[in-house]
Every structure is written in C-alpha cells, then in structure tokens.
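In my numbering, the protein residues as written are 5 to 326.
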C-alpha cells in the first residue's frame with residue numbers, strides 16, 4: 005500500500021490555511037464531479053479529492069495525518085510500501101470514517117480505510133462528531149428563452165446511499181429547479197439543503213448549479229447582453245435603410261441602418277437583452293451580404309457599379325492602384 009499525499013492531491017502546501025483547503029477542494033470538485041466531468045477517471049479522482057478534504061478539513065485528523073507523514077518520512081519501508089505503525093494515533097481525537105460523508109466515496113481507498121477507517125475511537129475521550137454537510141456542485145444547461153422568461157426544469161442527479169444491507173449504491177434523484185428570469189452563464193442557482201447530509205444532527209449542505217446556456221440559432225450571450233448578426237444588402241449599408249429585426253422575446257422592431265455603414269458596425273437596442281437590474285442590451289453586428297453574380301443582369305449591374313463608383317478597399321495597404 006502506498007502512502008497518500010493529500011496535500012498534493014488538493015494542490016496545496018502543508019501550511020495551507022483552512023480557507024485555502026476549502027477553495028482548492030471546491031475547484032477540484034467542480035472539475036471532477038461525476039455529474040459534470042467528462043473525464044474517464046473522474047469518479048476515482050473525485051474520491052481522492054473527497055478523502056483529502058475529509059482529512060485536511062478536520063483539525064484533529066489533519067494533525068494526526070501530519071504526525072504520521074513525519075514518521076513515514078523519517079523511517080519509510082525500503083520497498084516504498086506503507087503500513088500504519090502500531091499506536092500511531094495515540095493522543096489524537098478524530099472521527100473515524102466519513103459516516104454519511106461525501107457521496108462520491110463509492111469505495112474508500114485502502115490507505116484511507118487503514119488510517120481513518122471506521123472503528124471505535126481510541127483517543128483519551130470520546131465525543132459525538134458534528135458537522136454540516138458538504139456543499140455539492142453540478143451544472144444545468146438552459147435555453148436563452150428560459151433565461152429571458154424564467155422556467156422550471158427537472159434535473160436528475162446521482163447520489164451514493166446505503167441500501168438495507170449497508171452496501172453503498174448509486175441512486176438517481178429528480179429535483180425540480182426554478183430558474184429565475186435574467187440568470188446568465190456562470191451564475192449559480194442554490195438549492196438549500198440538497199447537498200450532502202450533515203452528521204450529528206447538523207444540517208445538510210447546499211447544491212449549487214452552475215448555469216450554462218445552450219447555443220442559439222440567432223443570439224449569443226455575453227453576461228447579460230445578447231449579440232446577433234444582422235445581414236444587410238450593400239445598398240442598405242451604403243444609402244441607409246429601415247430594416248426589421250426579430251427580438252429575443254418574440255417581437256419585431258424596426259432598426260435604422262445609417263448611411264455608409266460598414267460590416268462589423270454595432271447597433272444597440274437598449275434593455276433588449278436578459279432581464280435584470282440593470283437589464284442587458286441587444287447588440288446587432290452588421291454583416292454586408294453581397295448578392296450573387298449568377299445571372300447576366302447581376303454581372304452587368306456589378307460592372308456598371310464598378311464604373312460609376314470606383315472603389316479600392318485595399319488602398320490603405322498601399323497596393324492595387326488609386
């Protein structure tokens with residue numbers, strides 16, 4: 005059995021503060037949680053991360069683990085294997101095993117079980133372990149329409165629970181989630197009490213759903229603003245025009261394209277983005293669409309335009325004539 009470096013697992017230094025340990029755990033939990041991660045070994049990595057948090061997030065366990073690490077560093081086995089020395093935990097008080105701890109512990113590692121596995125407390129005094137349940141993180145993908153108007157969606161999450169025989173088993177839970185109007189990518193929806201259960205009568209943790217917005221045929225989202233590409237003809241761009249534009253809420257507005265407009269010009273429709281305080285805006289990016297020269301009449305029209313209004317778009321490059 006190999007000694008596990010829980011500091012390396014979380015990517016923190018041995019002298020890391022409790023806050024640094026929590027932040028490192030949350031970052032890795034979002035990366036490897038089975039409901040979010042697409043990595044093949046996410047479940048194993050999530051188990052290791054949870055083990056590290058279980059130990060380093062508890063003052064007594066961390067002190068005992070540090071003392072054990074020092075003993076191993078001074079006199080490890082020649083073949084690199086590890087076995088906890090007899091009586092190594094004398095003088096320490098810590099809760100053995102995560103009880104109803106992190107649901108991602110499908111099975112504890114051999115190292116964790118041998119050092120912090122379930123068993124009777126052997127410290128000087130016994131005490132009941134109390135701890136609020138860990139918060140959990142997952143992702144939810146919604147449509148732009150959901151963000152604009154608000155909605156309710158059912159999501160299914162996997163959790164590890166013990167069956168009647170005490171054997172851990174994966175159970176699917178369906179939750180109805182209320183999506184508030186105006187929520188945008190990167191925000192979190194908190195479901196109070198839907199995290200991991202607490203111990204010793206303490207409350208359960210919360211479930212945080214990171215909002216992701218599905219790609220849309222017309223609009224893309226940046227914060228609370230929406231962007232849309234608006235095609236216009238060369239004539240509309242050159243002379244100016246009034247054009248109709250669909251809005252995200254299903255209506256149609258008339259927009260003024262100014263004369264001599266160029267591709268990439270950005271027009272703003274105030275407060276037409278995602279709702280909020282303040283609301284976002286809808287930005288229209290002009291894209292000049294050229295009529296195809298696929299008929300004799302179209303080709304003749306292009307030739308007449310070139311003669312009537314000579315134009316060199318590469319003049320600033322210093323090539324291509326006047």
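Idealized CB from N, CA, C, for every residue including glycine.
Take every Cβ of the stretch 203-218, pair it with every Cβ of the stretch 259-272, and state whether three or more of those distances are shorter than 8 Å. no
Straight-line gap, residue 305 to residue 240 (C-alpha atoms, nearest Å): C-alpha separation (whole angstroms): 16 Å.
In chain order, what residues of the same chain have a beta carbon less than 7 Å from the beta carbon of residue 148, not counting five sequence neighbours either side? 217, 220, 223, 225 and 252
Does DSSP put residue 285 in a helix, a strand or coil? coil
To test your reading of the DSSP string, which unbroken beta strand (DSSP E) runs of 3 or more residues are found completely within the stretch 22-47? For the stretch 22-47, not one full-length beta strand (DSSP E) segment reaches 3 residues or more.
Give the DSSP-derived three-state secondary structure of residue 295 in the structure shown. coil
Terminal residues of the continuous beta strand (DSSP E) containing residue 192? 192-195
Validate contact between the stretch 285-293 and the stretch 181-188 using beta carbons, cut 8 Å, 3 pairs: no
Note down, one range per segment and in chain order, each beta strand (DSSP E) of at least 3 residues found wholly within the stretch 155-243. You should have 155-166, 172-183, 192-195, 211-217, 223-226 and 229-236.
Using CA atoms only, rank isn't needed, just tell me which of 228, 177 and 321 is closest to residue 191. 228
Count the other C-beta atoms from every protein chain shown that fall within 10 angstroms of the C-beta of residue 135, then say buried if there are 16 or more, exposed otherwise. buried
First and last residue of the alpha helix (DSSP H) that includes residue 304? 300-312
According to the neighbour-count rule (16 or more other Cβ atoms, all chains shown, within 10 Å of its Cβ), is residue 146 buried or exposed? buried
With which residues is residue 148 paired in a DSSP beta bridge? Bridge partners of residue 148: none, in fact.
Evaluate contact between the stretch 6-24 and the stretch 48-55, counting only Cβ atoms and requiring at least three cross-stretch pairs below 8 Å. yes
6 Å Cβ shell around residue 262 - same chain, five flanking residues per side excluded: 244
Identity of the residue in 180, 309, 258 and 46 nearest residue 35 by Cα: 46
Please report the straight-line C-alpha distance between residue 114 and residue 69, rounded to a whole angstrom. 15 Å
Identify every residue that forms a DSSP beta bridge with residue 245. 261
Buried or exposed (CB count within 10 angstroms, at least 16 for buried), residue 128: Unreliable positioning characterises residue 128 in this predicted model, as indicated by a pLDDT of 37, which lies under 50. A coordinate reading is not provided.
List the residues that DSSP assigns as beta-bridge partners of residue 63. Per DSSP, none; premise fails for residue 63.
Determine the closest residue to residue 143 out of 195, 236 and 169, with distance taken between C-alpha atoms. 195
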